[in-house]
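Worksheet: one structure, shown below.
In my numbering, the protein residues as written are 13 to 285.
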């Protein structure tokens with residue numbers, strides 16, 4: 013079995029990249045360390061959400077804890093979410109575009125509802141085409157303006173080993189946005205559809221109901237899949253990192269200062285991110 017796994021890794025990423033991946037794992041403590049339990053505080057917080065609902069799925073309970081602590085939270089939605097509502101196959105172009113416009117407005121309305129539940133100060137919609145974030149250079153320029161205006165203490169974004177292409181692209185967007193600037197903040201990679209190796213967890217028992225209510229705002233996304241069930245199940249699993257009796261639900265993150273997050277991102281083979 014071990015030989016089969018090695019063969020699959022070599023086939024997927026190539027021998028040289030497989031070797032660099034093994035070195036990264038061997039030399040890093042990220043796969044073995046116990047996650048620290050963080051207490052969300054005040055300050056300025058920016059959350060990057062590739063799609064409208066990612067912010068609530070990945071860190072909705074933590075967002076609510078930040079706002080309850082007096083933080084000013086801004087959520088920047090990177091794509092317009094036009095493909096998050098079933099198939100457009102077989103439709104004439106005009107009808108397809110009409111339905112996409114309707115879905116975009118629906119998802120923005122749902123995002124505003126969720127933000128209000130979580131106590132978010134402001135929402136920004138950058139409107140890259142859904143699934144095409146990696147091909148839209150304007151988003152990084154727009155995000156740079158937001159970062160320079162807000163000067164956040166912490167930026168939450170999907171971890172760069174997420175399965176969805178837009179989730180991974182959010183990392184490249186952020187790093188391009190800060191390139192050449194003096195901006196400095198902590199990055200907290202969150203998990204949506206792909207569990208990560210956390211070094212930081214936040215207990216969300218006190219805000220779990222708010223997370224449920226915020227997720228319920230995203231009715232258009234619950235038609236085909238029960239995201240509430242999946243997200244809360246993962247949060248229950250993450251409580252194992254809190255220790256006995258410390259909580260039953262948690263959100264997990266990979267948290268690093270910006271410079272270290274960039275270094276870690278670049279150390280992982282491109283084929284894996």
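Where a beta carbon is used, it is the ideal one built from N, C-alpha and C, also for glycine. Just so we're clear, the structure is a prediction, and the values are computed from it rather than from any experiment.
- Look at the stretch 160-192 and you find these whole runs of beta strand (DSSP E), each 3 residues long or longer: 166-170.
- Per the Cβ contact rule, the stretch 68-77 is in contact with the stretch 124-138 (3 or more Cβ pairs under 8 Å).
- Put simply, the backbone Cα of residue 85 is about 33 Å away from that of residue 281.
- With respect to residue 197, residue 269 sits close: the two C-beta atoms are nearer than 9 Å.
- With fewer than 16 other CB atoms across the displayed protein chains lying within 10 angstroms of its CB, residue 53 is exposed.
- For the set 235, 236, 242 and 211, the Cα lying nearest the Cα of residue 223 is the one of 242.
- Nearest to residue 262 by alpha-carbon distance, out of 64, 75, 103 and 60, is 75.
- At least 9 Å separates the beta-carbon of residue 246 from that of residue 184.
- If only complete runs of 3 or more residues are kept, the stretch 216-274 shows the beta strand (DSSP E) at 262-269, in order along the chain.
- Note that the C-beta distance between residue 162 and residue 227 is not below 9 Å.
- The shortest CA-to-CA distance from residue 147 to any of 207, 206, 61 and 177 is the one to 177.
- With respect to the 9 Å criterion, residue 122 and residue 92 are not classified as neighbours on the basis of their beta carbons.
- Judged by DSSP secondary structure, residue 90 falls within the beta strand (DSSP E) whose first and last residues are 84-91.
- In chain order, 227 place their CB closer than 6 Å to the CB of residue 240, counting only its own chain and leaving out the 5 sequence neighbours on each side.
- By a beta-carbon distance limit of 8 Å, residue 156 does not contact residue 181. Their separation comes to about 16 Å.
- By the CB criterion at 9 Å, residue 115 and residue 88 fall outside the cutoff.
- Judged by DSSP in its simplified three-state form, residue 201 adopts strand.
- DSSP, reduced to helix, strand and coil, places residue 135 within a strand of the structure shown.
- For the pair residue 79 and residue 265, the Cα-to-Cα distance works out to about 18 Å.
- For residue 50, there is no enclosing alpha helix (DSSP H), as DSSP gives it neither H nor E.
- The beta-carbon separation of residue 212 and residue 47, rounded to 6 Å, stays under the 8 Å limit for a contact.
- Under the criterion of beta carbons closer than 8 Å, residue 215 and residue 186 do not qualify as touching, at roughly 26 Å.
- Between residue 111 and residue 97, the C-beta spacing is below 9 Å.
- The DSSP-derived three-state label of residue 81 is coil.
- For residue 72, the closest C-alpha among the options 238, 279, 221 and 277 is that of 221.
- Between residue 100 and residue 113, the gap from beta carbon to beta carbon reaches 9 Å or more.
- The beta carbon of residue 118 is closer than 6 Å to those of 232 in its chain, skipping five residues each way along the sequence.
- Counting C-beta atoms within 10 angstroms of its own C-beta, residue 249 has fewer than 16 neighbours from the protein chains shown and is therefore classed as exposed.
- Taking residue 172 as the centre and dropping the five residues before and after it, the same chain places the C-beta of 180, 183, 277 and 285 closer than 6 Å to its C-beta, in chain order.
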